[in-house]
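**Student:**
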Amino acid sequence: MDQGKVFISSILSRKTEDLLAEREAVREVVDSYRFLRAWVFEKAPASTEDLDQAYLRHVSECDLFILIVGREVTNPVTAECQRAKEKNKPILVFAKSVQNRTPLCQALLQIADKKYALFDSVDSLRQAVQAAIDQELVLALRSSRSRSGVWSILERLRQLAKKRTTVHIRPTFPRKADLDEFQLQEVKQDVAIFQKLSSGHQVNIPTSRVTEILTVSPSSSPVLLLEGRLQWVTPSESWRFFEEKPEPDSILGFHKPSHMGDPAANTIENQIREKGYEPGWVSEVDLPGREGTDFETVYDEDGRYFRIPDPHRSLILIRKRR
């Protein structure tokens, strides 16, 4: 599958300003989209090209340019931004909330000439980047519609079903790159039937709840946007459609208050053990970036996860393999 290239630009030297954690967070968000791939200088292979031309060529080739700024700026970052402007690349700008931003950095924000999103932590940056990319996908679809004529969503779904097209469905919870890919099997008047290729799970989604069909490029899988959400349900180990749609920056979806000794949570914990997993409670702040490697969030039959609220360290029910 052809993937869109996303160039991530920021200061690289810790001696000037440490933005490496922010770069890595943005890279992870970009790579969570199966049809996108991040390009960052520090992970590029060795090249015979001159250093300045090597990274500027990738700016010229990219499909989306993301700029991260803090207090300082360097000449390479300025050159990258100028090249992106010259090539009319879509530019997203994220500015760290800092005091006394240097005049050169302020000038770079003016060169970019874009409404930028402020962030004050790595987690808030992740959320801002995901929301911005999702919005770019919607704008790309609307632009495509104006060029290619009007097709109803139902007609487009039927065309995709004829070819058994693999599509990405969003929002899907848990939010993991390998969980939002389904094959469109059949479309009836009121429902579209999808199958998870990796597991064979089937899920029905009302056609009226498909609000957008995005085509990023001719060779990439379409992206279906829902008014609602596709949700993994832990007890029955199945996918279901729910009409409630979380906020764009939601990481886990909907929760419900719980407590130690909660009968509903205890029942699911016993079911988890019977299926060869180990239940547990972890701090909510430990989830981003770890879910799917060490453990996964547990969702009840109502599509909500268990959360024990606490002002400092709220706890989430998870399961992991023994």
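Counting with this note's numbering, you get residues 1295 to 1616 for the letters of the sequence shown. Note that the Cβ used here is the ideal one computed from N, Cα and C, for glycine as well.
(1) Starting from Lys-1390, trace the beta strand (DSSP E) in both directions and tell me its first and last residue.
(2) Can you tell which of Gln-1483, Gln-1479, Cys-1356 and Glu-1506 has its C-alpha closest to the C-alpha of Gly-1494?
(3) DSSP three-state call for Leu-1403: helix, strand or coil?
(4) Taking all protein chains shown into account, decide if Gln-1496 is buried (16 or more other Cβ within 10 angstroms of its Cβ) or exposed.
(5) With the cut-off set at 8 Å, would you say Leu-1386 and Val-1367 are in Cβ contact?
(6) Cβ atoms of Leu-1350 and Ala-1373: under 8 Å apart, would you say?
(7) For Val-1527 and Glu-1595, which I take to be in contact (beta-carbon distance under 8 Å), what is that distance rounded to the nearest angstrom?
(8) Quick one: which unbroken alpha helix (DSSP H) runs of 4-plus residues sit fully inside the stretch 1297-1328? Chain order, please.
(9) Using only alpha-carbon positions, find the residue among Pro-1465, Val-1481 and Ser-1391 that is nearest to Lys-1457.
(10) Report the start-end ranges of each alpha helix (DSSP H) in the stretch 1555-1603 that is 4 residues or longer and not cut off at the edges.
(11) Between the beta-carbon of Phe-1600 and the beta-carbon of Leu-1546, is there less than 8 Å?
(12) Could you tell me how far apart the beta carbons of Ile-1427 and Tyr-1571 are, in whole angstroms, since I believe they sit closer than 8 Å?
(13) Would you call Glu-1538 buried or exposed, if buried means 16 or more other Cβ atoms sit within 10 Å of its Cβ?
(14) Reducing DSSP to helix, strand and coil, say where Ser-1502 ends up.
(15) Going by DSSP in three states, Gln-1429 sits in which element: helix, strand or coil?
(16) Using three-state DSSP, classify Leu-1524 as helix, strand or coil.
(17) Give me the residue from Gly-1364, Lys-1390 and Leu-1358 with the minimum Cα distance to Ala-1378.
(18) Could you tell me which residues DSSP pairs with Ala-1411 in its beta bridges?
(19) Just the C-alpha distance for Cys-1356 and Val-1423, rounded to the nearest angstrom, thanks.
(20) Who are Glu-1480's beta bridge partners in DSSP?
(21) Is Thr-1275 helix, strand or coil when you go by DSSP?
(22) Let me make sure I understand the geometry here. Which of Phe-1388, Ala-1425, Thr-1459 and Asp-1417 has the alpha-carbon closest to that of Lys-1409?
(23) Helix or strand or just coil, what does DSSP make of Ser-1418?
(24) Check the Cβ-Cβ distances between Pro-1573 and every residue of chain B, and say whether any is below 8 Å.
(25) So, with DSSP's three-state summary, where would you put Ser-1532?
(26) Where His-1352 and Val-1323 are concerned, what is the direct C-alpha to C-alpha distance, given to the nearest angstrom?
(27) Give the secondary structure of Val-1363 by DSSP, where H, G and I count as helix, E and B as strand, and everything else as coil.
(28) State the Cα-Cα distance for the pair Ser-1307 and Gln-1565, rounded to the nearest angstrom.
(29) Does the distance from the C-beta atom of Trp-1533 to that of Lys-1470 stay below 8 Å?
(30) Using DSSP with H/G/I as helix, E/B as strand and the rest coil, what is Gln-1496?
(31) Quick check on DSSP: helix, strand or coil for Lys-1470?
(32) Mapping DSSP to helix, strand and coil, what is Leu-1546?
(33) With respect to the beta strand (DSSP E) encompassing Lys-1614, which residues constitute its N-terminal and C-terminal limits?
(34) Taking Cβ to Cβ, would you say Arg-1365 is nearer than 8 Å to Glu-1311?
**Tutor:** Straight from the coordinates:
(1) In the DSSP annotation of this structure, the continuous segment of the beta strand (DSSP E) that includes Lys-1390 starts and ends at 1385-1390.
(2) Ranking Gln-1483, Gln-1479, Cys-1356 and Glu-1506 by CA distance to the CA of Gly-1494 puts Gln-1479 first.
(3) Here Leu-1403 sits in helix by DSSP.
(4) Counting Cβ neighbours within 10 Å, Gln-1496 comes out exposed, since fewer than 16 surround it.
(5) No, the Cβ-Cβ distance between Leu-1386 and Val-1367 is not below 8 Å.
(6) At the C-beta level, Ala-1373 and Leu-1350 come within 8 Å of one another.
(7) Val-1527 to Glu-1595, Cβ: 6 Å. Contact.
(8) Unbroken alpha helix (DSSP H) stretches of 4 residues or longer found wholly inside the stretch 1297-1328: 1314-1325, given in chain order.
(9) Closest option to Lys-1457, Cα to Cα, is Val-1481.
(10) Unbroken alpha helix (DSSP H) stretches of 4 residues or longer found wholly inside the stretch 1555-1603: 1557-1568, given in chain order.
(11) Note that the C-beta distance between Phe-1600 and Leu-1546 is not below 8 Å.
(12) Their Cβ separation, rounded to whole angstroms, is 32 Å, which puts Ile-1427 and Tyr-1571 out of contact at 8 Å.
(13) In the assembly as shown, Glu-1538 is an exposed residue. Its beta-carbon has fewer than 16 other beta-carbons within 10 Å.
(14) DSSP places Ser-1502 in helix when its eight states are reduced to three.
(15) Reduced to three states, the DSSP call for Gln-1429 is helix.
(16) Here Leu-1524 sits in strand by DSSP.
(17) When only C-alpha atoms are compared, the closest one is Leu-1358.
(18) Paired residues: Phe-1388.
(19) Approximately 17 Å between the Cα atoms of the pair.
(20) As computed with DSSP, Glu-1480 is found in a beta bridge with Ile-1487.
(21) There is no way to answer for residue 1275, as the model of the chain reaches only from 1295 to 1616.
(22) Comparing alpha-carbon positions, the option among Phe-1388, Ala-1425, Thr-1459 and Asp-1417 lying closest to Lys-1409 turns out to be Phe-1388.
(23) Looking at Ser-1418 - three-state DSSP - the assignment turns out to be helix.
(24) Structure shown: chain B not included; a single protein chain is present.
(25) Ser-1532: strand per DSSP, three-state reduction.
(26) Distance from the CA atom of His-1352 to the CA atom of Val-1323, rounded to whole angstroms, is 19 Å.
(27) Of the three classes helix, strand and coil, the one that applies to Val-1363 here is strand, per DSSP.
(28) One C-alpha to the other measures close to 50 Å.
(29) With contacts defined by Cβ atoms closer than 8 Å, Trp-1533 and Lys-1470 do not form a contacting pair.
(30) Secondary structure of Gln-1496 (DSSP, three-state): strand.
(31) It is coil, neither helix nor strand.
(32) Looking at Leu-1546 - three-state DSSP - the assignment turns out to be coil, as it is neither helix nor strand.
(33) Run containing Lys-1614: 1609-1615, per the beta strand (DSSP E) assignment.
(34) Going by C-beta atoms, Arg-1365 is nearer than 8 Å to Glu-1311.
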